[in-house]
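Quick notes on the structure that follows.
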């Protein structure tokens, strides 16, 4: 199975590994013949991602995980309507693939405020949830999964310790959630 991971720095970060941490955590949870293509690019928002969809679509993934929103919700904000429109472009570009939408995780506001606020990220997560229903797509609501953890700040504590870039605990959890979706896709 060809697996595409599409996102921003949360998808691209190495966190001390020899490859993106998300890819590294996911590999042992999937079959040896599965191929992971990580198309995470640091600093990108959905406006940037829609400009580079053509070569990613040529990879013809069987399943694509789309986790975007952290940079859209920052102080130089991509409006929610534009964010939604961009996600629709991404969804429709990969119509032959199984698309799994993933909400961006919460931040540690003590380190991110006023650049990013969880109230804003929650609005972007709601937009993702609505699109998942509208397009009948699978969703991993990573925002609420982490928000509901009493030790949420530990999950968003990565090597940068900037309150935005998640750490190995969160990557491990996210990889398990991705592996579950991959397993479901193989059964369909």
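In UniProt numbering, the protein residues as written are 1 to 188.
The beta-carbon is built from N, C-alpha and C at its ideal position, and this holds for glycine as well.
Comparing alpha carbon positions, the residue from 117, 39 and 12 closest to residue 64 is 39. According to DSSP, residue 138 shares a beta bridge with 100. When secondary structure is reduced to three states using DSSP, residue 167 falls in the coil class, being assigned neither helix nor strand. Within the model, the alpha-carbon separation for residue 86 versus residue 50 is close to 7 Å.
For the pair residue 147 and residue 103, the Cα-to-Cα distance works out to about 11 Å. In this structure, the straight-line span from the alpha carbon of residue 11 to that of residue 168 is close to 12 Å.
DSSP places residue 172 within a helical segment (H, G or I) once states are collapsed to three.
Residue burial is scored here from C-beta neighbours: residue 159 has fewer than 16 other C-beta atoms within 10 angstroms and is therefore classed as exposed.
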